[in-house]
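Going down the list, the protein sequences come from chains F and E. Under UniProt numbering, the residue at position 143 of the first sequence is numbered 143, and the numbers go up by one with no gaps. Under UniProt numbering, the residue at position 124 of the second sequence is numbered 124, and the numbers go up by one with no gaps. So the structure is just underneath, and the comments pick up after that.
There are 2 protein chains.
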Amino acid sequence: MLDLERLRALHSVATYGSVSAAADVLHVTTSAVSQQLAKLERETGQKLLERNGRGVRLTDAAELLVAHAERILSLVEQAQSDLEAHRGSVVGQLTLAAFPTAMRGLVPASLRRLNADHPDLRVLLREEDPLRSMPLVSRGDLDMAVVQDWNNEPLPLPDGLQKGVICDDVADVVLPPDHPLAGRDEVALKELAGDPWISSSPDSICCDWLMRTLRAVDSEPRIDHQAYEFATQLSLVAAGLGNIILPRLGRCDVPPGVVVVPLKEPLSRRVYAVWREEAARRPAIRAAVTALRSAV
Amino acid sequence: MLDLERLRALHSVATYGSVSAAADVLHVTTSAVSQQLAKLERETGQKLLERNGRGVRLTDAAELLVAHAERILSLVEQAQSDLEAHRGSVVGQLTLAAFPTAMRGLVPASLRRLNADHPDLRVLLREEDPLRSMPLVSRGDLDMAVVQDWNNEPLPLPDGLQKGVICDDVADVVLPPDHPLAGRDEVALKELAGDPWISSSPDSICCDWLMRTLRAVDSEPRIDHQAYEFATQLSLVAAGLGNIILPRLGRCDVPPGVVVVPLKEPLSRRVYAVWREEAARRPAIRAAVTALRSAV
DNA sequence: CGGATGGTTTTAGAGTTGCTTCATGCTGGA
DNA sequence: TCCAGCATGAAGCAACTCTAAAACCATCCG
């Protein structure tokens, strides 16, 4: 009888391309994975890996087995999920990540409610940008991630994941006190072409998006400054160094003087929860989605 | 992660009705099965078995899990089978049973040929009546069984098994030397109504069939004698104690005096090989079927 | 050419698992 | 009430599977 752990090891090698990457995902040493695969080769009587340069390559037999393993492992997770659903009660452990703003403006209230409604569920929380959190959900290190996309750029959802909408989050422009348009009731983005801008963390999904959005109205957008936190960014705005786009979710107090102006064509981002489709029926997942939605 | 061995234990309990029966099928002690199931309960966090009289009963959660397990275990065996098929070469071990006549008239030649063509395949052979061999194939104790049915009574095939026709085997009537119809070229069964008959082993498929077949021409068939081997039965016929129906397959020398007479409406039985459908693609299974067919 | 580098396999040893045996508990029928 | 049948629990032993460390191997680069 084939062993599930071994199939999983092989599957991970196929997915992540090397023994060491697989070991990483499975949280064991490469030695363990290597030994498991050697045993799998003995059991099946077939060569599964061959050395290929510094790494390994799967043989045809291994590819065949991986195709089966994929279906088998998926069925197994579905079985677990169904079993939890049958139990009905929300218990156990849920590992959750959220992007920074949600972490402040959305998650705390949701989590308080989730804890109150389901005291036996242990939620482990961490802050993570969508670009990083979604692969972690796929590989099983996270059960759920709170992510967002912008209305002008839909988020690509990795295979095997499902998403549910949590809410929409409108963003405004924040201008320095002495900005010529500071007195306006609303402003169009292209009126701000040529202004200097302040962005958040350079390798985050937000920064990418800001660049592409400004490019639509300004061939050479000036993103002159960068700061991780909105509070810091607002200080820079107060000092007259540039504008920012500030989502309403998780907004903190703005310093005196700076002006928050709504956009004529509103920019909004949509907040989602994502999870593995095999886990869709877990009561803990359902409860977390409900809690996130009700906190808005 | 659920463990396949544990799922299999649960599945066996569901299929065979008790922990001890399951242990029997899995070739371990009841204690081992009991411990595995206890562990499975801890892992899933749900009660799976409850005591019921002297035995156990599955809970709803267990039934749910069994339904999943069925699909998972089937996929796993298919994967193994596919993997062997991919390898192509006929190696490993094949456990085969055949009904008594086939054991003598069909299997020896087939097996010699199979061994010659595939020296690396180890075939384990045993004699077993179809009524017993087919459940053994289902439960995995046998890989293949050679069985037969009669043209007037198709064989019911258990769920999950497949069959392939090997050959047809015509049967004649054997009459004592002094029988009034002993000189005939052929005879109709109903002409023999009222004669005494000799059958083989009382709990075999052949004896059942003989009874039902004779009843079609004789409301009160007289099955007066019983002997396990055809050679013995023929001696009884030679002694004038009754008639027998003798299949041509595996026929041994008939004693002097007794007369073999073909039937007007020939009775024939069809010989099949049966195997688990999950194992259908195993090269060893294919090779064995081929060898059986070519030996006819 | 030769050492540094990134990756895999091998080996030895420790901890864990899972089996068997034996003992115990529980239920239903003689 | 006792016995037979079935399930569970504890102790001991064998097998497994992990980690750590070292060996091995192909590539890259000075």
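All C-beta atoms, glycine included, are put in the ideal place defined by N, C-alpha and C. Nothing here was measured: the structure is a model prediction, and the numbers come from that model.
Residue i to residue j span [Cα, whole Å]
| i | j | result |
| --- | --- | --- |
| F:Q80 | E:V146 | 39 Å |
| E:V261 | E:L26 | 48 Å |
| F:G160 | F:A69 | 15 Å |
| E:P135 | E:P158 | 8 Å |
| E:P247 | E:D24 | 36 Å |
| F:P196 | F:P256 | 20 Å |
| F:P266 | F:D143 | 32 Å |
| E:S199 | E:L263 | 18 Å |
| F:D178 | F:G240 | 7 Å |
| E:S268 | E:L214 | 14 Å |
| F:R270 | F:P202 | 21 Å |
| E:L58 | E:R42 | 15 Å |
| E:Y272 | F:D141 | 51 Å |
| E:A254 | E:R184 | Per the sequence shown, residue 254 of chain E should be read as Val rather than Ala. In a straight line, the C-alpha of E:V254 is about 17 Å away from that of E:R184. |
| E:A98 | E:L49 | 38 Å |
| E:T15 | E:E63 | 11 Å |
| E:L4 | F:R281 | 22 Å |
| E:G53 | E:L10 | 19 Å |
| E:G194 | E:D218 | 7 Å |
| F:P156 | F:P176 | 35 Å |
| F:L181 | F:A188 | 10 Å |
| F:D129 | F:V258 | 28 Å |
| F:G242 | F:T101 | 21 Å |
| E:G7 | F:E77 | Gly is not the amino acid found at residue 7 of chain E; the sequence shown has Leu there. Roughly 13 Å separates the two Cα atoms. |
| E:R286 | E:I72 | 24 Å |
| F:I166 | F:V289 | 7 Å |
| F:S204 | E:R51 | 57 Å |
| F:W150 | F:R212 | 11 Å |
| residue 356 of chain E | E:I244 | Absent from the structure is residue 356 of chain E, since the part of chain E shown begins at 1 and ends at 296. |
| E:V28 | E:L2 | 20 Å |
| E:A216 | E:G164 | 29 Å |
| F:A171 | F:A284 | 31 Å |
| F:D120 | F:E153 | 38 Å |
| F:V107 | E:V13 | 45 Å |
| E:C207 | E:V137 | 22 Å |
| F:E225 | F:Q162 | Looking at the sequence provided, one finds His at residue 225 of chain F rather than Glu. Those two C-alpha atoms are separated by around 36 Å. |
| F:P221 | F:R293 | 36 Å |
| E:N115 | E:M103 | 16 Å |
Cross-strand partners of residue i (DSSP beta bridge)
| i | result |
| --- | --- |
| E:W197 | E:I223 and E:N243 |
| F:Y228 | BP columns for F:Y228 are empty, so no partner. |
| F:W150 | F:E153 and F:R269 |
| E:N52 | E:G55 |
| E:W275 | E:M144 and E:Q162 |
| E:E191 | Looking at the DSSP assignment, E:E191 forms no beta bridge with any residue, so it has no partner. |
| F:A171 | F:P247 and F:L267 |
| E:S260 | As written in the sequence, residue 260 of chain E is Val, which differs from the Ser given in the question. Beta-bridge pairing links E:V260 to E:V174. |
| E:R122 | E:Q93 |
| F:E127 | F:A98 |
Anticipated Cβ contact below 8 Å, residue i with residue j, distance rounded
| i | j | result |
| --- | --- | --- |
| E:R113 | E:A291 | 5 Å |
| F:L83 | E:T44 | 6 Å |
| E:V174 | E:L234 | 7 Å |
| F:S110 | F:A295 | 4 Å |
| E:L249 | E:G55 | Not a contact, Cβ separation roughly 43 Å. |
| residue 335 of chain E | E:K47 | The structure shown does not extend to residue 335 of chain E, since chain E is modelled only from 1 to 296, so the question has no answer here. |
| E:L210 | E:I223 | 7 Å |
beta-carbon residue i near the ligand ATP non-hydrogen atom, thresh 6 Å
| i | result |
| --- | --- |
| E:S89 | Although the ligand ATP was asked about, the structure shown includes no ligands whatsoever. |
### Query
Counting pairs of Cβ atoms below 8 Å between the stretch 267-287 of chain F and the stretch 223-230 of chain F, do you hit three or more?
no
### Message
Is it the case that the stretch 29-43 of chain F contacts the stretch 77-92 of chain F, given that we only count it when at least three CB pairs across the two stretches are under 8 Å?
### Response
With fewer than three CB-CB distances shorter than 8 Å, the stretch 77-92 of chain F does not count as touching the stretch 29-43 of chain F.
### Message
For the structure I just gave you, are there three or more beta carbon pairs, one from the stretch 8-25 of chain F and one from the stretch 36-52 of chain F, closer than 8 Å?
### Response
yes
### Message
Taking 8 Å as the cut-off, does the stretch 90-99 of chain E touch the stretch 113-130 of chain E (at least 3 CB pairs, one atom from each stretch)?
### Response
Output reads yes: the stretch 90-99 of chain E touches the stretch 113-130 of chain E.
### 3-residue-minimum beta strand (DSSP E) runs that sit fully inside the stretch 67-100 of chain E, ordered along the chain
92-98
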